[in-house]
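Chemist: Mind having a look at this structure? Questions to follow.
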Amino acid sequence: MWRAGSRSAELGVGFAPWTVKECMQQAVAWRPRDLPAVQPRLVAVSKTKPVETVIEAYCHGQHTFGEKYVQELLEKASNPKILSLCPEIKWHFIGHLQKQNVNKLMAIPNLFIPAQTAVAPIPWARPGRLTMHSPGIPF
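For the sequence shown, our numbering gives the first residue as -3, with consecutive numbering after it.
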């Protein structure tokens, strides 16, 4: 299987998301017609990537980004360059959410939380640790 990210350094940031979106559209065309017509969303994980790379990907049409750590998400979502050059950017938090970080996360502009996402305690996790999951999906 060919990986879109393997040649993205040679071809630029805009190539990999375009390739993945093409594959997603082909998969949507093949899905059974009795399934709900929900368009998939490509979330580009910007973990460890500099602000300039996020802006370049945004300029190539990638408007949805995910971060694993609350602090990195806070820094990028409140960055003046990103705020001015990427007005329609949407952020997803894709990491484990700890109770002490909930208020920090809620202060992030353009934070997108899908309707199915819930924050629930995990019985076997350390006390005070929360995680995001979709209802009905076992851990």
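Quick reminder that beta carbons are idealized off the backbone N, C-alpha and C, glycines included.
For E84, name the three-state secondary structure that DSSP assigns.
Modeler: If DSSP states are grouped into helix, strand and coil, E84 belongs with coil.
Chemist: Can you look up V9 in the DSSP assignment and give me helix, strand or coil?
Modeler: Correct three-state label for V9: coil.
Chemist: Report yes if the CB atom of F61 is closer than 7 Å to the CB atom of S74, and no otherwise.
Modeler: In this structure, S74 does not lie closer than 7 Å to F61 by Cβ.
Chemist: Do the stretch 81 to 93 and the stretch 37 to 56 meet, that is, are 3 or more Cβ pairs less than 8 Å apart?
Modeler: Verdict: yes, contact present.
Chemist: Which residues in the same chain as R29 place their Cβ atom closer than 8 Å to its Cβ, once the five residues preceding and following it in sequence are excluded?
Modeler: Answer for R29: no residue qualifies.
Chemist: Taking DSSP as the reference, what is the three-state secondary structure of A40?
Modeler: Strand at A40.
Chemist: Contact check, V47 vs K86 under 8 Å by CB: the rounded distance?
Modeler: With 8 Å as the limit, V47 and K86 do not qualify as a contact, their Cβ atoms being about 16 Å apart.
Chemist: Count the other CB atoms within 10 Å of the CB of Q58; is the residue buried (16 or more) or exposed (fewer)?
Modeler: That one is buried.
Chemist: Could you tell me if A143 is buried or exposed, where buried requires 16 or more neighbouring beta carbons within 10 angstroms of its beta carbon?
Modeler: The question about residue 143 has no answer, for the chain in this structure spans -3 to 135.
Chemist: Report all residues from its chain with a CB closer than 8 Å to the CB of R37; omit the five preceding and five following residues, and keep chain order.
Modeler: Hits under 8 Å: T60.
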